[in-house]
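Here's the structure, in structure tokens; my notes come after.
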Amino acid sequence: MPVRAGVCVAGVAGVAVEHIRMESIETIISRPLTIIQDLVAEEPTINAQAISDHFVNLLDLHSTLLSRIPSFGTSRNKLPPYSLVRFRCMIQDNGLNPEIHLQRVQMINSTTREEKTLITWFVDEPHKHPYFAVGVPGESPWVEDPPCDAETAAIGRSLEISSLEGYPRLPEHISNKIPSTVPSYSAAVIKVYPSMLQMNYLKLNEVLDVVGIIEDPESTEDGTSECDELHLGAVPILNALIVQKVPITPCSRQCDKSHDLVAPIDGVVLRHAMLDAISTFVLGDRLAAEYLYLHLFSRCGHNSDCELVTPTLNLSGVPSSPSSTNLTKEIFHLLQLLLPRVSYIPLSLEHINTTQFIPGSLPEKTAGLSTGDLQLAEGTMLVLDETKMSPGKVMDREVPTKCGCVILSHSKCMLSSNLEVPILESPDAPTPIVLSSNLLNTARKFIAAYKNEEFSISESMTQVIQTYFANVRAEEHRCHLPLTGQTDLLRILNIARLATLSMGRTALTKELWNQAVSLETARMDRVKSRTTNRGGTHHTLSR
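In my numbering, each residue carries its 1-based index in the sequence shown increased by 479.
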């Protein structure tokens, strides 16, 4: 196990910091080590968790103080070493070996022979676990913090003024660990200490809010640490003081997604407003807008065989013309406006042949685990653009991801999907409208609140569904038609669940069940019509 003298936190577990001194936000940000050294002087056996608790109390995580800490990874400008920063990040590589640090340093004055024992930064804890972290791939711009006030801006300027030259370009073996959608300067080695509760092991692709002390990239010659063995010396180090795991469906960094916040929202009114808006992004097609809105409430799950099931919506019938590029961009832009994380992948021959999709180990090219287009945080909405495809050979490779997916294609997509909705252009298709900030904020909160809400079906509704299923199969048998199977029933049930949640409700009603049946009937009629007309032909909605 590597040994390294460096920044380190804490000692004996279970020691609490009872005395909380009030510090100015400027002192907390610019001199966190001074605060820690004072704590160590008062309690030499203090551990990392106690120090973390102290900073939690100082910053009051529910106040505005946290947002006043400079954000790492949002600018190429350097932040002063050993200052406090915050970093919203994703764990890209959790396979770095734990490190051992010197606990104490014994110093002897060569003249007086006086001995002095120094505790290494921060205190006496010899172990810590490093993780390679990057900015969250596909994070929507609105999730970032709002502009700070003048006082906060002044703090940021005073901290950055001494180091405006920016971080150097990273070598290729490190660049291969950073997703293409993430700036190269938004990467750091985060070091977490074992005594910090529930932080002993962080999962791959987990999203975190980290507050910690930053160290400059450094080049060491002894090669004794894991980071040096992987040649990660060019990457800043962030010694974690506070680590918060981010929910899968965050509304925003400041948005409380409790039901108290969305209780006053009328789901029916919001749904109508959103369908009016979304339809302008899909050539005026109301049915496509219905399914796209419902898809925003979908989530990954498991089937009866415990296999991962990812919700996939195929919007086919994208026009084979220059306007198709605009349509795909507009749909991607719409999803970015409404969801916290959206990733776009054009399935062009060039992109497929030159891009790594699956994270893997490439010792000759990468330090540790290399990234890929599909290394995404759980809950990310993936947009796959098949309209960019050209003739070539397709190789089938399964990649497990906990991401919903929207596939845009000219005809039925080549990838497997749960639902296909052929887009029919309205004769007077409107141009995409600009959604008001009020509508966007309301929709974001509403979707975040109901996306993972529990859904229930009463005994009376179970009887209604069973009767419907029996009647449909009886009619199909009488007409010598293919029988509706369990898969079809489960699909309608899922549409009914999404329709219920999109209304701000959690229990299925007969009205919502009938609505789901009507939607599926209209969708299937459209799919059959497309097939009859030799799929791939773009149709216009007749009045």
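Backbone N, C-alpha and C define an ideal beta-carbon position, used for all residues, glycine too. Please read all numbers here as calculations on a predicted model, not as lab measurements.
Beta bridge pairing from DSSP links Leu717 with Ile669 and Ile693. Taking a cut-off of 8 Å for Cβ pairs, the segment 924 to 938 and the segment 741 to 755 touch, as three or more such pairs fall below it.
Going by C-alpha positions, Asp695 is about 35 Å away from Lys881. Boundaries of the beta strand (DSSP E) around Thr791: Thr791 to Ser795. DSSP links Pro609 through a beta bridge to Lys670.
One Cα belongs to Met569, the other to Thr804, and the distance between them is close to 30 Å.
In this structure, the straight-line span from the alpha carbon of Gly964 to that of Thr850 is close to 41 Å. Residues of the same chain with a CB within less than 7 Å of the CB of Ser777, apart from the 5 flanking positions on each side, are Pro790, Gly883 and Leu977 in chain order. For Glu899, there is no enclosing alpha helix (DSSP H); the enclosing beta strand (DSSP E) covers residues Leu898 to Pro901.
If you look at Val821, you'll find it in the beta strand (DSSP E) that goes Val821 to Pro825. The DSSP-derived three-state label of Ala986 is strand. For Arg750, the enclosing alpha helix (DSSP H) stretches over residues Gly746 to Ser758.
With contacts defined as CB atoms closer than 8 Å, Asp688 and Gln723 qualify as a contacting pair.
A distance below 8 Å separates the beta carbons of Pro819 and Val622.
Annotated three-state conformation of Arg565 is strand, per DSSP. Under DSSP, Asp864 takes part in a beta bridge, and its partners are Pro825 and Leu887. A direct Cα-to-Cα measurement between Pro559 and Pro549 gives close to 10 Å.
Across the set Leu914, Ala922, Ile912 and Leu863, the C-alpha of Leu863 shows the shortest separation from the C-alpha of Leu894.
Counted as a single uninterrupted DSSP element, the stretch harbouring Thr850 is not any alpha helix (DSSP H), since DSSP gives it neither H nor E.
The three-state reading of DSSP puts Ile936 in coil, since its state is none of H, G, I, E or B. Residue state for Gln945 is assigned as helix, using DSSP reduced to three classes. With contacts defined as CB atoms closer than 8 Å, Tyr664 and Gly552 qualify as a contacting pair. When beta bridges are read from the DSSP output, Leu687 appears opposite Cys568 and Lys724. A distance of 8 Å or more separates the beta carbons of Ile936 and Leu898.
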